[in-house]
Amino acid sequence: MGMPEGQEGAAVRGTEGEAAGEPAATEDLLYDVIRRLWPLHRTVVRAVERELADTGMTAGEHALLDALRTEGPRTVPQLARSMGLDRQPVQRWVNHAAELGLVVTAPNPAHRRSSLIRLTAEGTAAIRGVQQFEATELRQRLADLPAEDVRTTLHVLDRLGEEFRHLANGSRVQREETDSRGSRDSRGSEGSNGSNGSNRSNGKPEGHDDRPAPPPLMRKGRSGE
Numbered sequence: 000m001g002m003p004e005g006q007e008g009a010a011v012r013g014t015e016g017e018a019a020g021e022p023a024a025t026e027d028l029l030y031d032v033i034r035r036l037w038p039l040h041r042t043v044v045r046a047v048e049r050e051l052a053d054t055g056m057t058a059g060e061h062a063l064l065d066a067l068r069t070e071g072p073r074t075v076p077q078l079a080r081s082m083g084l085d086r087q088p089v090q091r092w093v094n095h096a097a098e099l100g101l102v103v104t105a106p107n108p109a110h111r112r113s114s115l116i117r118l119t120a121e122g123t124a125a126i127r128g129v130q131q132f133e134a135t136e137l138r139q140r141l142a143d144l145p146a147e148d149v150r151t152t153l154h155v156l157d158r159l160g161e162e163f164r165h166l167a168n169g170s171r172v173q174r175e176e177t178d179s180r181g182s183r184d185s186r187g188s189e190g191s192n193g194s195n196g197s198n199r200s201n202g203k204p205e206g207h208d209d210r211p212a213p214p215p216l217m218r219k220g221r222s223g224e
């Protein structure tokens, strides 16, 4: 996520308010969280790639192996969806990981034309070794963080991810347009002198859409896409 114009000011408002003894608005605190995510992500990627320097893997392939270890064999589109990425970079990671002997393709019982990507024994050992090292580093460097604080952080990040997925997919805009159209149809029906605003073909208000409206934004936790 890039930093929109004026973001620095938005982030400072909450800090200044708290310094003056006033509680920061929730949206300002959330903005502070969001503006930290991109630099944090870049820093984590640099740290992971330094750690992987002798393995031949990239940070993207690390994420790929982690997803396969967590979720089991998946198709490339399934992996892309679970990782929140386009298919093309995931396919590149799969190809390179296959060259390194870390993953192989297998027949997909659910679809003849697609293949499942699964870890090899070497891939499983590689990601396990990397993650054991990472776990040791986290324990040594962040042992002072209470587990409850970490759980709260996970909840906030999950909720942010959920809401921004809705925004990225246009769910909120679609819902607002559907509600607006329904309101106009209702007003037209009331003024139709008993005709119910029907058209000649199907008896439904003109412009009526049979498709269900997108569900309202709601809390799902770690539901994924």
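Numbering-wise, numbering that gives the first Met the number 0 puts 109 at position 110 of the sequence shown, and it's gapless, one number per residue.
We put the CB at the ideal spot given by N, CA and C, even for glycine.
Item: Considering only the beta carbon of each residue, do Ile126 and Leu84 sit closer than 7 Å?; Value: no
Item: When we look at the beta-carbon of Gly122 and count the other beta-carbons within 10 Å, is it buried (16 or more) or exposed?; Value: buried
Item: Just verifying my parser: in three-state terms, what is the DSSP assignment at Ala24?; Value: coil
Item: Please confirm whether Val102 and Val89 have their CB atoms less than 7 Å apart.; Value: no
Item: Across the segment 90–99 and the segment 52–59, are there enough close Cβ pairs to call them in contact, namely three or more that are closer than 8 Å?; Value: yes
Item: If you run the structure through DSSP and keep just helix, strand and coil, what is Leu84?; Value: coil
Item: How big is the Cα-Cα spacing for Glu60 and Ser114?; Value: 18 Å
Item: Starting from Leu117, follow the beta strand (DSSP E) in both directions and report where the run begins and ends.; Value: What sits at residue 117 in the sequence shown is Arg, not Leu. It spans 114–118 - the beta strand (DSSP E) in which Arg117 sits, taken as one unbroken run.
Item: By Cβ distance below 7 Å, which residues in the same chain neighbour Glu48 in space, the five residues on each side in sequence not counted?; Value: Thr57, Ala58
Item: Is the CB-CB distance between Ala66 and Leu78 below 7 Å?; Value: yes
Item: Considering only the beta carbon of each residue, do Ala105 and Arg86 sit closer than 7 Å?; Value: no
Item: When the Cα atoms are used, what is the spatial distance from Ala142 to Val149?; Value: 11 Å
Item: Could you compute how far the alpha carbon of Trp37 sits from the alpha carbon of Val43?; Value: 10 Å
Item: Can you tell me the Cα-Cα spacing of Thr91 and Ala62, whole angstroms?; Value: One point to set straight first is that residue 91 is Arg, not Thr, in the sequence displayed. Looking at the two C-alpha atoms, the distance is approximately 13 Å.
Item: Could you have a look at Arg111 and say whether DSSP puts it in helix, strand or coil?; Value: coil
Item: Kindly give me the distance between the Cβ atoms of Val32 and Val129, rounded to whole angstroms, as I take these residues to be in contact under 8 Å.; Value: With a Cβ gap of about 27 Å, Val32 and Val129 do not count as contacting.
Item: Among the residues of its own chain, which have a CB less than 8 Å from the CB of Thr119, if the five just before and after it don't count?; Value: Gly100, Leu101, Val102, Val103
Item: For Arg73, count the other beta carbons within 10 Å of its own beta carbon; 16 or more makes it buried, fewer makes it exposed. Which is it?; Value: buried
Item: How big is the Cα-Cα spacing for Tyr30 and Leu39?; Value: 14 Å
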